[in-house]
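Note sheet for the following structure.
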Amino acid sequence: MTEQYLIDYMYVFAFLALGAIAAASPLIISNLIGPRTVQQKTQETYECGMDPYGRAWDIRFNIAYYLYALIFLAFDVDILYLFPVATAFDKVSAVRGVVELVIFIAILSMAIIYAWVKGVFSWAKKKKAY
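Going by this note's numbering, the first residue of the sequence shown is number 83, and it counts up by one from there.
Here's what the structure looks like:
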């Protein structure tokens with residue numbers, strides 16, 4: 083029995099070692115064959131292939147952009163949890179599956195309503211400074 087545990091641990095260690103090698107090898111290879119010089123164009127901010135003008139810190143974004151992105155990310159991940167419910171729907175009773183699905187969607191809806199009440203989805207126009 084102890085020998086079986088050692089074999090199982092060897093498999094786990096081998097998978098961890100191979101995973102670490104697979105993660106580190108692109109970094110090592112790019113360091114070995116990559117260019118050694120840093121040019122001025124390398125240090126510039128990349129803006130969709132266009133030459134940048136001004137400094138990046140001069141532009142201030144509204145916090146609503148970040149809140150909107152975080153809400154999207156949260157709901158995008160939460161929707162992934164609906165997939166297992168849909169695939170296992172035939173394995174549970176119909177009433178239980180529908181009730182669990184309604185509860186889950188109600189919790190997501192309450193989060194959207196909370197964000198709506200807090201004004202995350204209202205985009206106030208900036209006042210221009212004269």
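Virtual Cβ for every residue (Gly too), placed ideally from N, Cα, C.
In this text, all values refer to a predicted model and were calculated from it rather than measured experimentally.
Which one or two residues does DSSP pair with residue i in a beta bridge?
{"i": "residue 92", "result": "In the DSSP output, where bridge partners are listed per residue, residue 92 has none listed."}
Distance check for residue j and residue i, CA to CA, integer angstroms please.
{"i": "residue 162", "j": "residue 121", "result": "43 Å"}
{"i": "residue 124", "j": "residue 109", "result": "19 Å"}
{"i": "residue 87", "j": "residue 174", "result": "36 Å"}
{"i": "residue 148", "j": "residue 154", "result": "10 Å"}
{"i": "residue 176", "j": "residue 165", "result": "16 Å"}
{"i": "residue 167", "j": "residue 151", "result": "26 Å"}
{"i": "residue 102", "j": "residue 183", "result": "39 Å"}
{"i": "residue 179", "j": "residue 171", "result": "6 Å"}
Which same chain residues, not among the five before or five after residue i, have their C-beta less than 7 Å away from its C-beta?
{"i": "residue 190", "result": "157, 160"}
What would DSSP say about residue i, mapped onto helix, strand or coil?
{"i": "residue 165", "result": "helix"}
{"i": "residue 121", "result": "coil"}
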